Amino acid sequence: VPVLSELRRISAEGISTDTEEGVVEAARALQRRGARSVLVTLGGRGMVLVEEGGRAVWQEAFPPPGGVVVDATAAGDAARAAFAVAILEGLSSEECLRRAAAAGAIAVSGVGAVPSIPSRGEVKKLLQGPRPWAAMEIVKEWWAASTRQKGSSRRARKSKGFRFACRLNSMRSRG
Numbered sequence: 019v020p021v022l023s024e025l026r027r028i029s030a031e032g033i034s035t036d037t038e039e040g041v042v043e044a045a046r047a048l049q050r051r052g053a054r055s056v057l058v059t060l061g062g063r064g065m066v067l068v069e070e071g072g073r074a075v076w077q078e079a080f081p082p083p084g085g086v087v088v089d090a091t092a093a094g095d096a097a098r099a100a101f102a103v104a105i106l107e108g109l110s111s112e113e114c115l116r117r118a119a120a121a122g123a124i125a126v127s128g129v130g131a132v133p134s135i136p137s138r139g140e141v142k143k144l145l146q147g148p149r150p151w152a153a154m155e156i157v158k159e160w161w162a163a164s165t166r167q168k169g170s171s172r173r174a175r176k177s178k179g180f181r182f183a184c185r186l187n188s189m190r191s192r193g
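Residue numbering for the sequence shown follows the working numbering, starting at 19 and increasing by one per position.
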């Protein structure tokens, strides 16, 4: 589960991650080296899951409750935790990503690492409440070209067992 800056470093095949196509190709490079599915978190731009079969599933970021980013500390951790829990619950890739995006949005609306980690109830409440992002133009042109591949399905993933790996702490990359 790399963040974009980590993906740039670990893909090591000279692949530019400046475009969404490049992000997907770099994730596929990790798959060629043994990763089954790769989740790349993109901060305020959302995340992409490149599944074992090669399908890329994109999720835009949700705006934080209150509309203001207070502190991004632990937002990625909250998103990855929500994603992992949703996988264990057997949810579809799309629903796993929605829950991860909701957890990240809630986390950036609070201060500090531990206090900003949302509960399951907070995530569900955000997903069930009014959806301001549905009415807002939050999908930037950067996403437009290939956020959804032709023929992508919305059916639940059939699990063949799971493995979940997370990145090392990358605070050094924040400069």
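Beta carbons are placed, not taken as given, at the ideal position from N, Cα and C, and that holds for glycine.
Computed from a predicted model, the values in this text were never measured in an experiment.
#### Entry: Sheet register partners of residue 59 (DSSP bridge)
What you label residue 59 is simply residue 41 of the sequence shown in a count that begins at 1. Answer is 21 and 65, bridged to residue 59.
### Query
How would you write the range of the alpha helix (DSSP H) that residue 97 sits in, first residue to last?
Looking up residue 97 in the sequence shown gives position 79. Taken as a continuous stretch (DSSP letters only), the alpha helix (DSSP H) holding residue 97 covers 93-106.
### Message
Since residue 22 and residue 37 should fall inside the 8 Å C-beta cutoff, what is the C-beta to C-beta distance between them, to a whole number of angstroms?
### Response
Locating residue 22 in the sequence shown gives position 4, counting from the first residue. Locating residue 37 in the sequence shown gives position 19, counting from the first residue. No, residue 22 and residue 37 are not in contact; Cβ-Cβ is about 12 Å, not under 8 Å.
#### Entry: Proximity of residue 48 and residue 56 at Cβ, strictly below 9 Å
Your numbering for residue 48 matches position 30 in the sequence shown. Your numbering for residue 56 matches position 38 in the sequence shown. Yes, they are a contact pair.
#### Entry: Buried versus exposed, by CB contacts within 10 Å (16 or more), residue 77
Residue mapping note: residue 77 aligns to position 59 of the sequence shown, counting from 1. Label assigned to residue 77: buried.
### Query
Any chance the stretch 82-89 sits against the stretch 103-118, with 3 or more Cβ pairs inside 8 Å?
no
### Beta-carbon proximity list for residue 128, same chain, < 8 Å, skipping 5 on both sides
Here the question's residue 128 lines up with position 110 in the sequence shown. 88, 89 and 134.
### Task
Select from 141, 28, 25 and 65 the residue whose C-alpha is nearest the C-alpha of residue 74.
On the sequence shown, position 56 is the one that residue 74 refers to. Of the candidates 141, 28, 25 and 65, the one whose C-alpha sits nearest the C-alpha of residue 74 is 65.
### Message
Using the Cβ count rule (16 or more neighbours within 10 Å means buried), how would you classify residue 51?
### Response
Start at 1 with the first residue of the sequence shown, and residue 51 comes out as number 33. The residue is exposed, with fewer than 16 neighbouring Cβ atoms inside 10 Å.
### Message
Would residue 92 and residue 125 be called neighbours here (beta carbons separated by less than 9 Å)?
### Response
Counted from its first residue, the sequence shown places residue 92 at position 74. Counted from its first residue, the sequence shown places residue 125 at position 107. Yes, the pair counts as a contact, with Cβ atoms nearer than the cut-off.
### Message
What would DSSP say about residue 74, mapped onto helix, strand or coil?
### Response
Counting from one through the sequence shown, the residue named residue 74 turns up at place 56. Residue 74 falls in the strand class under three-state DSSP.
### Message
Please report the distance separating the alpha-carbon of residue 141 from that of residue 117.
### Response
As a position in the sequence shown, residue 141 is number 123, starting the count at 1. As a position in the sequence shown, residue 117 is number 99, starting the count at 1. Roughly 7 Å separates the two Cα atoms.
### Message
Can you look up residue 26 in the DSSP assignment and give me helix, strand or coil?
### Response
Taking the first residue of the sequence shown as 1, we reach residue 26 at position 8. The answer is helix: DSSP assigns residue 26 an H, G or I state.
#### Entry: residue 54, DSSP secondary structure in three states
Within the sequence shown, numbered from 1, the residue matching residue 54 stands at position 36. Of the three classes helix, strand and coil, the one that applies to residue 54 here is coil, per DSSP.
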